[in-house]
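Asker: Be aware that the sequence shown starts at 639, since it is given in the numbering used here, and climbs by one per residue.
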Amino acid sequence: MSNYHIKHLEEYYQVYRKSVRNPEVFWEEIAEEHFMWRKKWDKVLSWDFTKPEVKWFEGAKLNITENCIDRHLYTRGDKTAIIFEPNNPEEEAQHISYRELHEKVCRFANVLKAKGIQKGDRVCIYLPMIPELAISMLACARIGAIHSIVFAGFSSTALASRINDATCKMVITSDGSYRGAKTIDLQGIVDDALEKCECVESVLVVKRINSEIRMKEDRDEWVQPLLDNANTDCEPEIMDAEDSLFILYTSGSTGKPKGMLHTTAGYMVYTAYTFKNVFQYREKDVYWCSADIGWITGHSYIVYGPLCNGATSIMFEGVPSYPDFGRFWDIVDKHKVSQFYTAPTAIRALAKEGVEHVAKHDLSTLKVLGTVGEPINEEAWHWYDDNVGKRKAPIVDTYFQTENGGIMLTPIPYVTPTKPTYATLPFIGIQPCLMDENGVELNGNQVEGKLCIKFPWPSIARTIWGDHQRYKDTYFSAYENKYFTGDGALRDEVGYYRITGRVDDVIIVSGHNLGTAPIEDAINEHPAVAESAIVGFPHDIKGNALYGYVTLKETGESRNHDNLRKEINQIITEQIGPIAKLDKVQFTNGLPKTRSGKIMRRILRKIAGKDGDNLGDISTLLNPEVVQDIKDNVL
Ligand code: WT7
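1. Hey, residue 1259 and residue 1236: beta-carbon distance below 8 Å or not?
2. Within the continuous alpha helix (DSSP H) that includes residue 904, where are the two ends?
3. Below 7 Å, is the gap between the Cβ of residue 1018 and the nearest heavy atom of ligand 1?
4. In terms of alpha-carbon separation, which member of 1073, 982, 1102, 1158 lies closest to residue 1148?
5. Taking all protein chains shown into account, decide if residue 943 is buried (16 or more other Cβ within 10 angstroms of its Cβ) or exposed.
6. Taking a contact to mean a Cβ-Cβ separation below 8 Å, would you say residue 755 touches residue 882 in this structure?
7. Output yes or no for whether 8 Å exceeds the beta carbon distance between residue 1091 and residue 1069.
8. According to the Cβ coordinates, are residue 952 and residue 924 closer than 8 Å?
9. Is residue 762 helix, strand or coil when you go by DSSP?
10. Of the choices 717, 727, 669, whose alpha-carbon is the least far from that of residue 598?
11. Hey, would you say the C-beta of residue 933 is under 7 Å away from at least one heavy atom of ligand 1?
12. Measure the alpha-carbon distance for residue 647 versus residue 967 and round it to whole angstroms.
13. Give the range of the alpha helix (DSSP H) segment to which residue 745 is assigned.
14. When you compare only the Cα positions, how much space is there between residue 1094 and residue 1272?
15. In whole angstroms, what is the alpha-carbon distance linking residue 991 and residue 1019?
16. Express the C-alpha separation of residue 910 and residue 681 in angstroms, rounding to a whole number.
17. Is the beta carbon of residue 904 less than 8 Å from the beta carbon of residue 1096?
18. Could you give the residue range of the alpha helix (DSSP H) that holds residue 691?
19. In angstroms with no decimal places, state the Cα-to-Cα distance between residue 998 and residue 889.
20. DSSP state of residue 781, grouped into three classes?
21. Who are the near neighbours of residue 1176 in its chain, counting only those whose CB is closer than 7 Å to its CB and skipping five residues on each side?
22. When the Cα atoms are used, what is the spatial distance from residue 836 to residue 659?
23. Looking at residue 743: is its Cβ nearer than 8 Å to the Cβ of residue 709?
24. Quick test of your reading: residue 760 and residue 805, contact by CB under 8 Å. State the CB separation rounded to the nearest angstrom.
25. Looking only at its own chain, which residues have a Cβ that is under 8 Å from the Cβ of residue 796, when we skip the five neighbours before and after it?
26. Over what stretch of residues does the alpha helix (DSSP H) that includes residue 966 continue unbroken?
27. Roughly how many angstroms separate the alpha carbons of residue 818 and residue 767, rounded to a whole number?
28. By how many angstroms is the C-alpha of residue 673 removed from the C-alpha of residue 1072?
29. Which residues mark the beginning and the end of the beta strand (DSSP E) in which residue 1006 is found?
30. Measure how close the beta-carbons of residue 1269 and residue 1250 come, nearest whole angstrom, since I'm counting them as under 8 Å.
31. Tell me the DSSP secondary structure of residue 1058 in three-state form.
32. Taking buried to mean at least 16 other C-beta atoms within 10 Å of its own C-beta, is residue 993 buried or exposed?
33. I need the DSSP call for residue 709, collapsed to helix, strand or coil.
34. Does ligand 1 have even one heavy atom less than 7 Å from the beta-carbon of residue 1049?
35. Taking the DSSP output, what are the residues bridged to residue 1086?
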């Protein structure tokens, strides 16, 4: 066996060195031994960060669903692939075996084909966390269609812009979704969105909440009768290594979301290999990642990575607070979960409710705990360690981005000694570096700078759908020959990395990546608003919350501020979704600007974070006089 399962620290360093000294030999060995190929590659890697262009396993032929499903049928046909845990604990959980998953994916794939979906077509999936979400994404991959999953918390406007950007031919949705005690009318949101989308020819609707919905003739159809009549076998489309697998949108510092494009072979190899090692997955383990499949964490570490390893992966439909704050621990107990992976914001929210909710449940099966999506503060780390892992289950603080496809910085449990708030070491094959303000790489330890990656890894996104120039400008232009993450980081005395946060106009709120520009664009649509600026400020549970500074047009100045705040949040909810709502809105007479007219967010950030006495020299501003006024009225 090549170094597929790392078991001790010496081995980590040894394998790491090999992966960096000779990446092509290293990844070739992993790819050869652990995956199913219809044809092997002609070339392991070609790359050029100046174009930028990256190709892994060129010439190889495969289908990722054969790797995730078919090849397990002989050895693990009856093993559970997916455990579906419904929103309501009284509804029975579903166990879907690899054999059943094969049948369901094949049926769905045949329905897609019958509806005219072909290799390369884009299919938008807007579904809650129900089995059909995983099944339909795999069905797309089976026939070579490119899935574009939109998180079902996004508004109809946000959905429409994503559907149009990728010119999706089809939308897959449900009659609604359960979220705690609430239901959400998903199909209604799709209906609204599609008024603005001409590219969509058909909509398949999954029945979940039995609501009365309006079906649009010649466009909308219930999927179940089609599935019932579909053939249970579907030959996989044979894909090239670099054929597109999916598009997933992430917000950026300008208004339009970026459709990150991931391709087939490299993404498969990297997500499978990271999954196995970061969670030290063993055959009988039950693994649970509580993220939504609408985010990259769910794509890579609920579906593709786990299934590729023949794992049992839980899909949870609900929320951590329903029916009570012990729901997560109830699920761990009920399904005897071995690895649990969640976001720091969830840990902070649950910690606030007290340990009694944890103490009621048997968590002794837990071997590994993970966090992802934002920096974890020391208090939350210890709470998780003490109360959930009982100091016996190591915590892996995993750092990565939608653009990366898979985990970049992480401890390997039982291998890398952990350190609270540190994502610790680069994963095998990852070559991080820190850059100073002059664009010079910082050598040695105990340094802090901007985090870049020097060498391609197999699951790096290949482009932004429809806008390669933007891909280049955003990630490959700040530093020559390097991928720039947009994050700041420090390297401590032993070489461990700690992410210090975004250094651009992206704010991570409750683990969700939000660009300031799209939110400001939404606010500016309010007729009374002249101008606005959004910054993040520290929040106990969300990590960061949003603070808006808004100047009003003369006509709006007499308006009631509380009403305006509500209206502003209403617009944000409509245009983006409730996750982007502002916690605080301060109305001001002006925004501090440089002489070239750029809003000085650094100053606004400090004031919002109650650090307004420490602004440094503001005399070079175009309008230094507004600063005092803003400070005096800070919320
Ligand atoms: C941004 C990427 C990939 C998971 C979901 C988020 C932040 C992610 C960590 C971590 C500190 C983290 C970074 C990154 N982030 N993981 N372990 N520690 N920060 O994916 O929406 O593409 O956001 O999330 O700022 O750039 P995403």
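Every residue gets a Cβ at the ideal spot worked out from N, C-alpha and C, and that includes glycine.
Answerer: Judging by the given coordinates:
1. Contact: no.
2. 903-916
3. no
4. 982
5. buried
6. no
7. yes
8. Result yes, Cβ atoms of residue 952 and residue 924 sit closer than 8 Å.
9. strand
10. Here the chain comprises residues numbered 639 to 1273, so residue 598 is not present and cannot be evaluated.
11. Indeed, a heavy atom of ligand 1 lies less than 7 Å from the Cβ.
12. 31 Å
13. 736-752
14. 45 Å
15. 16 Å
16. Their Cα atoms are separated by approximately 21 Å.
17. Going by C-beta atoms, residue 904 is nearer than 8 Å to residue 1096.
18. It is not in any alpha helix (DSSP H) - residue 691 instead sits in the beta strand (DSSP E) that spans 691-696.
19. 39 Å
20. helix
21. 1182, 1247
22. 50 Å
23. no
24. 6 Å
25. 788, 895, 1213, 1214, 1215
26. 965-973
27. 13 Å
28. 34 Å
29. 1006-1010
30. 5 Å
31. DSSP, reduced to helix, strand and coil, places residue 1058 outside both helices and strands of the structure shown, so it counts as coil.
32. exposed
33. helix
34. no
35. 1128
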